[in-house]
Amino acid sequence: MFYGHNAMWRRSLLQLNGSWLEHYRGNIIVTEDLLKTLGVYANGFTSRYLNISTGEWVPSSLKALEGMWMRWTYGGFQVLFKYFRHIASAKGLSFTQRVDLLTLLVSYAASPLIYPAMFLWFTAFPPGQVAVMTFVINFFPPMLYAGFLWHHHGSVVRLPLIKRVWDLYSGMFLIESFISAVQIRAVVNFMVGKKQGWRITSKAGEEKPRALQVLLHNTLIVTIATLAIAALIVGGWRSELAPNVVISYLVVALIPMQLLLCVIVYGGQVQNRHETITDATIDGLVMRRLSSFAC
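Once you know that position 109 of the sequence shown is 109 in full-length UniProt numbering, the rest is easy, because the numbers rise by one and skip nothing.
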């Protein structure tokens, strides 16, 4: 058996799929787990979902999280563009599995399409409608999911109330905003043909970066977020602080504000190395990391 990411594989199926390394447009496909899964389905095999809770190590820093999502998004697009026909006609896929796999791959395009479109809404819709649309698409779904997590898992995590609220907010909004920005960057790199490297996601033992290192590494995100906030402030001022315009701009401004807050709060944090699994208890610290980084 081969124990892949949250899955167990028969070695014979891995060998049936051929090489671990494949290329698309001259670049190595960096999501080998998706390749193997697709190969299994294409050869008439299938899988079973096990509804069980599992523990896993998570990225130990914001930089590690960025690298992981750059690889996932870039590789997801590689697989989608190269094997779309295979997914549509694979023998081992039921209709729901086919839709599930395509949805997974296409979902990487959601952020690159939705976020730029929000700023175009101002040219097509009244300010009040822009605020409602932005809230419904970008904030309402995470709020529902956060409520679901609170209802089903909130009592299990042994943390003070305020910390549980903060963990849900940071996981559903701060980290998700950062991941969306990373996805946009990965999609742009894919479209222009820039190569994406592959390295194992760091899980522990990283050196704590200095404030200047954090700023330099996140220069692009900080610059774009700052310019977006500045543009919204100028737009609100030019509207003579009209209430409907200001409210719309405030809702949209929450996104770049969350990006900046994410870099400020998590940019300099690293997870300490644990010598034993006992030290890495699920309750408390690691569960907080899980809610923040495993998105």
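All C-beta atoms, glycine included, are put in the ideal place defined by N, C-alpha and C.
* Would you identify the three-state DSSP class for valine 30, choosing helix, strand or coil? => Here the question's residue 30 lines up with position 30 in the sequence shown. Coil.
* Asked: threonine 223 to leucine 104, Cα distance in whole Å?
  -> Position 223 of the sequence shown holds residue 223. Position 104 of the sequence shown holds residue 104. One C-alpha to the other measures close to 30 Å.
* **Closest by C-alpha distance to tyrosine 74, when choosing among Pro112, Phe178, Asn189 and Pro59** => Within the sequence shown, residue 74 is the residue found at index 74, counting from 1. Ranking Pro112, Phe178, Asn189 and Pro59 by Cα distance to tyrosine 74 puts Asn189 first.
* To do: Determine the closest residue to threonine 226 out of Leu261, Pro256 and Leu101, with distance taken between C-alpha atoms.
  => Stepping through the sequence shown from its first residue, residue 226 is reached at position 226. Looking at the Cα atoms, Pro256 is the closest of the given residues.
* In whole angstroms, what is the alpha-carbon distance linking valine 251 and leucine 232? -> Counted from its first residue, the sequence shown places residue 251 at position 251. Counted from its first residue, the sequence shown places residue 232 at position 232. Approximately 10 Å, taken between the alpha carbons.
* Compare the C-alpha of glutamine 196 against each of His86, Phe45 and Glu66 and name the closest. => In the sequence shown, the residue the question calls residue 196 occupies position 196. Minimum Cα distance to glutamine 196 is reached at Glu66.
* Asked: Hey, valine 58 and leucine 174: beta-carbon distance below 9 Å or not?
  -> Taking the sequence shown and counting its residues from 1, the one referred to as residue 58 is at position 58. Taking the sequence shown and counting its residues from 1, the one referred to as residue 174 is at position 174. No, the pair does not count as a contact, with Cβ atoms beyond the cut-off.
* To do: Report all residues from its chain with a CB closer than 6 Å to the CB of leucine 34; omit the five preceding and five following residues, and keep chain order.
  => Taking the first residue of the sequence shown as position 1, residue 34 is located at position 34. Contacts found: Val79.
* Nearest-angstrom beta carbon gap, isoleucine 221 and tryptophan 69 [assumed within contact, 8 Å] -> Counted from its first residue, the sequence shown places residue 69 at position 69. Counted from its first residue, the sequence shown places residue 221 at position 221. Wrong, their Cβ atoms sit about 13 Å apart, outside the cutoff.
* Asked: What residues in its chain sit with their C-beta under 7 Å from that of glutamine 15, if we drop five residues either side in the sequence?
  -> Here the question's residue 15 lines up with position 15 in the sequence shown. Within the same chain, glutamine 15 has no close Cβ partners at all.
* Helix or strand or just coil, what does DSSP make of valine 58? -> Taking the sequence shown and counting its residues from 1, the one referred to as residue 58 is at position 58. Coil at valine 58, not helix or strand.
* Asked: What are the partner residues of tyrosine 169, as DSSP defines its beta bridges?
  -> The residue you call residue 169 lines up with position 169 of the sequence shown. Bridge partners of tyrosine 169: none, in fact.
* State the Cα-Cα distance for the pair tyrosine 169 and alanine 110, rounded to the nearest angstrom. => As a working mapping, residue 169 is identified with position 169 in the sequence shown. As a working mapping, residue 110 is identified with position 110 in the sequence shown. Taking the straight line from one Cα to the other gives about 21 Å.
* C-beta contact flag for lysine 82 and glycine 44 at 9 Å -> For the purposes of this step, residue 82 is taken as the residue at position 82 of the sequence shown. For the purposes of this step, residue 44 is taken as the residue at position 44 of the sequence shown. For lysine 82 and glycine 44, no; Cβs fall outside 9 Å.
* To do: Could you have a look at tryptophan 69 and say whether DSSP puts it in helix, strand or coil?
  => Indexing the sequence shown from 1 puts residue 69 at position 69. Here tryptophan 69 sits in helix by DSSP.
* Asked: Nearest to histidine 86 by CA position, among Lys36, Leu120 and Ser107, is which residue?
  -> The residue given as residue 86 occupies position 86 in the sequence shown. Comparing Cα-Cα distances from histidine 86 to each of Lys36, Leu120 and Ser107, the minimum goes to Lys36.
* Grab me the residues of methionine 172's own chain with a C-beta within less than 6 Å of its C-beta, minus the 5 sequence neighbours each way, in chain order. => Locating residue 172 in the sequence shown gives position 172, where the first residue counts as 1. Within the same chain, methionine 172 has close Cβ partners Pro142 and Ala146.
* For isoleucine 229 versus leucine 261, is the C-beta spacing smaller than 9 Å? -> As a first step, residue 229 must be located in the sequence shown, where it is residue number 229. As a first step, residue 261 must be located in the sequence shown, where it is residue number 261. Cβ atoms of isoleucine 229 and leucine 261: not closer than 9 Å.
* To do: Pull up the distance between the alpha-carbon of isoleucine 28 and that of leucine 93, whole angstroms please.
  => Your numbering for residue 28 matches position 28 in the sequence shown. Your numbering for residue 93 matches position 93 in the sequence shown. Their backbone Cα atoms lie some 26 Å apart in a straight line.
* To do: Return the bridge partner residues of tyrosine 24 from the DSSP annotation.
  => The residue you call residue 24 lines up with position 24 of the sequence shown. Tyrosine 24 pairs with Asn27.
* Asked: Which residues in the same chain have their Cβ closer than 6 Å to the Cβ of valine 214, if we skip the five residues on either side of it in sequence?
  -> Here residue 214 corresponds to residue number 214 of the sequence shown, with the count starting at 1. Only Gly267 and Gly268 meet the Cβ criterion.
* List the whole-angstrom C-beta distance separating tyrosine 108 from glutamine 183, where the pair is believed to meet the contact cut-off of C-beta under 8 Å. => Here residue 108 refers to the residue found at position 108 of the sequence shown. Here residue 183 refers to the residue found at position 183 of the sequence shown. The pair is a contact, with the Cβ atoms about 6 Å apart (cut-off 8 Å).
* Asked: Closest to threonine 219 by CA distance: which of Ser89, Arg185, Arg98 and Trp121 is it?
  -> Taking the first residue of the sequence shown as 1, we reach residue 219 at position 219. Checked all of Ser89, Arg185, Arg98 and Trp121; the closest Cα to threonine 219 is Arg185.
* Cα-Cα separation between leucine 285 and arginine 25, rounded to whole angstroms -> Locating residue 285 in the sequence shown gives position 285, where the first residue counts as 1. Locating residue 25 in the sequence shown gives position 25, where the first residue counts as 1. Annotation note: pLDDT 39 at leucine 285 (below 50); position unreliable, coordinate value reported separately. Taking the straight line joining both Cα atoms gives about 42 Å.
* To do: Enumerate in chain order the residues of its own chain whose CB-to-CB distance from phenylalanine 140 is below 7 Å, with the five nearest sequence positions on each side excluded.
  => For this step, residue 140 is matched to residue 140 along the sequence shown. Answer for phenylalanine 140: no residue qualifies.
* May I ask you to report which of helix, strand or coil DSSP gives tryptophan 198? => Counting from 1 along the sequence shown, the entry for residue 198 is found at position 198. In the structure shown, tryptophan 198 sits in coil (DSSP, three-state: anything other than H, G, I, E or B).
* So what does DSSP say about arginine 98, is it helix, strand or coil? -> On the sequence shown, position 98 is the one that residue 98 refers to. Arginine 98 falls in the helix class under three-state DSSP.
* Those residues which DSSP pairs with valine 136 across a bridge -> Counting from 1 along the sequence shown, the entry for residue 136 is found at position 136. For valine 136, which the question treats as bridged, DSSP gives no partner whatsoever.
* Any heavy atom of the ligand SAM within a distance shorter than 8 Å of the CB on glutamate 66? -> Absence of the ligand SAM is noted for the structure shown, with no ligands found whatsoever.
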